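> Same order as they appear, the protein sequences are chains A and B.
The numbering used here numbers the first residue of the first sequence as -14 and each following residue consecutively.
The numbering used here numbers the first residue of the second sequence as 800 and each following residue consecutively.
Glycine included, every Cβ here is placed at the ideal spot set by N, Cα and C.
Computed from a predicted model, the values in this text were never measured in an experiment.
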Amino acid sequence: QKEVEQDPGPLSVPEGAIVSLNCTYSNSAFQYFMWYRQYSRKGPELLMYTYSSGNKEDGRFTAQVDKSSKYISLFIRDSQPSDSATYLCAMSSGSSNTGKLIFGQGTTLQVKP
Amino acid sequence: GAVVSQHPSRVICKSGTSVKIECRSLDFQATTMFWYRQFPKQSLMLMATSNEGSKATYEQGVEKDKFLINHASLTLSTLTVTSAHPEDSSFYICSAIRASVTDTQYFGPGTRLTVL
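1. So is Val861/B in contact with chain A if we call contact Cβ pairs under 9 Å?
2. Decide if Gly(-1)/A is buried, meaning its Cβ has at least 16 other Cβ atoms within 10 Å, or exposed.
3. Look at Gly909/B and Gln837/B and say whether their C-beta atoms are less than 9 Å apart.
4. If you measure between the beta carbons of Gln828/B and Ala883/B, is that distance less than 9 Å?
5. Look at Phe15/A and Ile87/A and say whether their C-beta atoms are less than 9 Å apart.
6. Considering only their Cβ atoms, is the gap separating Leu845/B from Tyr835/B smaller than 9 Å?
7. Between which two residues does the beta strand (DSSP E) containing Asp43/A stretch?
8. Quick check: the segment 35 to 48 of chain A against the segment -14 to 6 of chain A, are at least 3 beta-carbon pairs closer than 8 Å?
9. With distances taken from CA atoms, which of Arg45/A, Lys55/A, Gly89/A, Ser67/A is nearest Ser842/B?
10. In terms of alpha-carbon separation, which member of Leu915/B, Gln904/B, Ser894/B lies closest to Ile820/B?
11. For Thr35/A, which residues does DSSP report across the bridge?
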């Protein structure tokens, strides 16, 4: 069993839709939870990070962490074609979010105009 | 700020040759850099952690004699793939952490290696 599970998709939605991306994990030691966006043949770009459980909002993006269920989500409101990319969840244990990151497989999102 | 570059962006080499990939933090000092490998439609897998002035720490299953890492300065780490084989073809990505600032890892744009 992988430490972090993420449905690879692809996920196709119409422009303006609300997108829900999810990851599950097995290691209860994870404390930091991150979402990265990766465009084709580019390096990952940090979108959101959350420490422990709870919600965090940044513009059209909302990250949720439910440690009791070992489940994290990223919601994208009013999705745009420019949001089309692969979204990777990542997690870290230890004392900061700069430690070793364990990544999910990534979900490919396509937002159609 | 917090820009990480990689060079080259793409490299094609013959089997048996060695290839060096550079990772630079352009506007900050990085005490720690990480090297990842990403196969098509798969996740990023950490290969090694590189600390300035000391030996790299390799993940289980990564051959340290094949993937040589040097972190000689606070802005540069290099990964050398020695005696490359077609199965080493992959997307290699580095990341860096800013010295004295605990925020997150900043990723480079990646290097596509193709071994013929």
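Based on what the coordinates show:
1. No, because no Cβ of chain A sits closer than 9 Å to the Cβ of Val861/B.
2. Strictly speaking, residue -1/A in this sequence is Pro, with Gly absent from that position. Exposed, by the Cβ-count rule.
3. yes
4. no
5. In contact: Phe15/A and Ile87/A (Cβ atoms closer than 9 Å).
6. yes
7. 39 to 43
8. no
9. Gly89/A
10. Ser894/B
11. Partner(s): Phe18/A.
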